[in-house]
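Structure, as structure tokens:
Number of protein chains: 2
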Amino acid sequence: MNTRERILRAAGECFAESGFDGASTRQIAERSGVNKALIHYHFKTKEELFFGVFDDYYRRLIGALVDSLELEGTFEQRFAALIDSYVAFLAANRDLGCVIQWEASGGKNIERVVAQMVPLFQRGIELIEERHPLTKEGDLAASQLLLSFYGMIVTYFVHTPLFERLLGIDPLSDDALQRRKTHLRRMLSITLQQLELRPPEPRAPSPSGTEEEPNR
Amino acid sequence: MNTRERILRAAGECFAESGFDGASTRQIAERSGVNKALIHYHFKTKEELFFGVFDDYYRRLIGALVDSLELEGTFEQRFAALIDSYVAFLAANRDLGCVIQWEASGGKNIERVVAQMVPLFQRGIELIEERHPLTKEGDLAASQLLLSFYGMIVTYFVHTPLFERLLGIDPLSDDALQRRKTHLRRMLSITLQQLELRPPEPRAPSPSGTEEEPNR
DNA sequence: CGAAGATTTAGGCGATCGGTTAAGGCGATC
DNA sequence: GATCGCCTTAACCGATCGCCTAAATCTTCG
Chain X
1 MNTRERILRA
11 AGECFAESGF
21 DGASTRQIAE
31 RSGVNKALIH
41 YHFKTKEELF
51 FGVFDDYYRR
61 LIGALVDSLE
71 LEGTFEQRFA
81 ALIDSYVAFL
91 AANRDLGCVI
101 QWEASGGKNI
111 ERVVAQMVPL
121 FQRGIELIEE
131 RHPLTKEGDL
141 AASQLLLSFY
151 GMIVTYFVHT
161 PLFERLLGID
171 PLSDDALQRR
181 KTHLRRMLSI
191 TLQQLELRPP
201 EPRAPSPSGT
211 EEEPNR
Chain D
217 MNTRERILRA
227 AGECFAESGF
237 DGASTRQIAE
247 RSGVNKALIH
257 YHFKTKEELF
267 FGVFDDYYRR
277 LIGALVDSLE
287 LEGTFEQRFA
297 ALIDSYVAFL
307 AANRDLGCVI
317 QWEASGGKNI
327 ERVVAQMVPL
337 FQRGIELIEE
347 RHPLTKEGDL
357 AASQLLLSFY
367 GMIVTYFVHT
377 PLFERLLGID
387 PLSDDALQRR
397 KTHLRRMLSI
407 TLQQLELRPP
417 EPRAPSPSGT
427 EEEPNR
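These protein sequence lines are chains X and D, in that order. Counting in our numbering, the first sequence runs from 1 upward without gaps. Counting in our numbering, the second sequence runs from 217 upward without gaps.
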């Protein structure tokens, strides 16, 4: 492993543990076993080092997700494959998942997260609405569903240290990961099952609002 | 508002934005409009200031959740009330939600998070298993369900800056919050609906495990 | 009032921060 | 062997960090 990769790897760990401000270049240098000045040689500034970690992460994440999107099968099978890919990727790159969490929650590099995530999310919303027109509005709107499954997945990995003490097991063990995947597939299954039906209990007290936009 | 409270409020904002290491006492002093040395007068160290923010947060959160747990009604109504309480609390205290996120993801104060969260989660698991024996194992285990709803809720608020650009609306507006609550209630409804049935597809190859404990 | 205690202030401490500098190794090319 | 370009090193810079000290100000009460 060359110097640049060793720095990137150590930087990912440090940024995940302490955030951008909290991680110091000296700490990153020490963990990667290189001289401190080498960080500023390979990456001009600490910020560009962060971008290096960040872009490398999204390059690999998007690669993994796109691969799973191209699989054949029913909608549910493809969506389940997407979930599995995300889970597998985060299980192998938890540090980087934490970095995104830091930035998405209001870091100064939020625009860089947005630029990567927005196309992914909008493609997901299109896919869902295309297959299930009921998700264009209502309490199972595609955007709400995506946010929910996104939250179910990432929280499991970001909060791993908490859940480890909570459940008394290692949430990243093969066994626990398999159970989490099975649960998520089941949640997907019962959600899609609802979308095959008309809304069962139209409690919404909006008698006039019955406008419909067929395809727009 | 006295000095101590102003410091606590500003500290919560700074810790949420930059993490424990990234937030500086000078920044906190400036934002709260007090002299820098006053922070070390009212709170001996930066760490104790953090604990002050942290404990104050959990004191109020647990108070809000316990209140909702004492409401009358069906299991679904009480669970929905719990979700609503959590959503309302995070909507009003997003900063502090981010602080917990930082620590739960591996901060140095993880033990303090664990001490507060474990009793809450275990009480939740007990309540679910007591009402729905099916959740004692399988792909809708109570722990998995709690983790999922926890993730659906907290991610919405921690990732608010991301979702704001994603959806083109303010996720903390009354309208958006109401829609999120409605969605979460619907997700709860269709999940509990599954628990009223025998597992529809008993793929689990455990034919012997049919023990039942009626009330215990 | 005046003593006593609580609160607030300016200023400075050593340590660490991100980043720079100038001087080496070191292999490839001529 | 000399030269060049890439990589690495120790030493150092000004700025900022958490924290402390001593004096000033405010509050309380006999």
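Cβ atoms here follow ideal geometry from the backbone N, Cα and C, with glycine treated the same way. The structure displayed is predicted, hence computed values, not measured ones.
1. I want to see whether chain D comes within less than 8 Å of E13(X), judged by CB atoms only; does it?
2. Hey, how far is the Cα of A88(X) from the Cα of A239(D)?
3. Using a Cβ-Cβ cutoff of 9 Å, what residues of the segment 4 to 34 of chain X are near chain D? List them in chain order.
4. Can you confirm whether D386(D), when its beta carbon is compared against all beta carbons of chain X, has any partner nearer than 8 Å?
5. Candidates A392(D), L363(D) and Q332(D): which alpha carbon is nearest I344(D)'s?
6. Using a Cβ-Cβ distance cut-off of 8 Å, determine whether V118(X) contacts chain D.
7. Looking at L383(D) and S105(X), is the spacing between their C-beta atoms short of 8 Å?
8. Drop a sphere of 10 angstroms on the beta-carbon of V282(D), count the other beta-carbons inside from all chains shown, and report buried for 16 or more, exposed for fewer.
9. Examine the Cβ distances between the segment 262 to 271 of chain D and the segment 218 to 229 of chain D and report whether three or more of them are shorter than 8 Å.
10. By the criterion of Cβ-Cβ separation under 8 Å, what are the contact partners of V53(X) in chain D?
11. Taking Cβ positions only, does T407(D) come closer than 8 Å to chain X?
12. Count the C-beta pairs between the segment 188 to 199 of chain X and the segment 120 to 138 of chain X that are closer than 8 Å, then say yes if the count reaches three, no if not.
13. Between R165(X) and V330(D), how many whole angstroms is the CB-CB distance? I'm expecting something under 8 Å.
14. In its own chain, which residues sit with a C-beta less than 8 Å from the C-beta of T155(X), not counting the 5 before and 5 after it?
15. Please report the residue range of the alpha helix (DSSP H) in which M1(X) lies.
16. By a C-beta neighbour count over all protein chains shown, 10 Å radius and 16 as the cutoff for buried, is D95(X) buried or exposed?
17. Please confirm if P133(X) has its CB atom under 8 Å from at least one CB of chain D.
18. Taking Cβ positions only, does G425(D) come closer than 8 Å to chain X?
19. Quick one: using the 10 Å Cβ neighbour count with 16 as the cut-off for buried, is L90(X) buried or exposed?
Reading from the atomic positions:
1. no
2. 33 Å
3. A16, E17, S18, G19, F20, D21, G22, A23 and S24
4. no
5. L363(D)
6. yes
7. no
8. exposed
9. yes
10. By Cβ distance, chain D contributes nothing, its closest Cβ being about 16 Å from V53(X), past 8 Å.
11. yes
12. yes
13. 5 Å
14. none
15. Premise fails: M1(X) is in no alpha helix (DSSP H) and is neither H nor E.
16. buried
17. no
18. In this prediction, G425(D) has a pLDDT of 39, which is less than 50 and means its spatial position is unreliable; what the coordinates show is noted afterwards. By this cut-off, G425(D) is not an interface position.
19. buried
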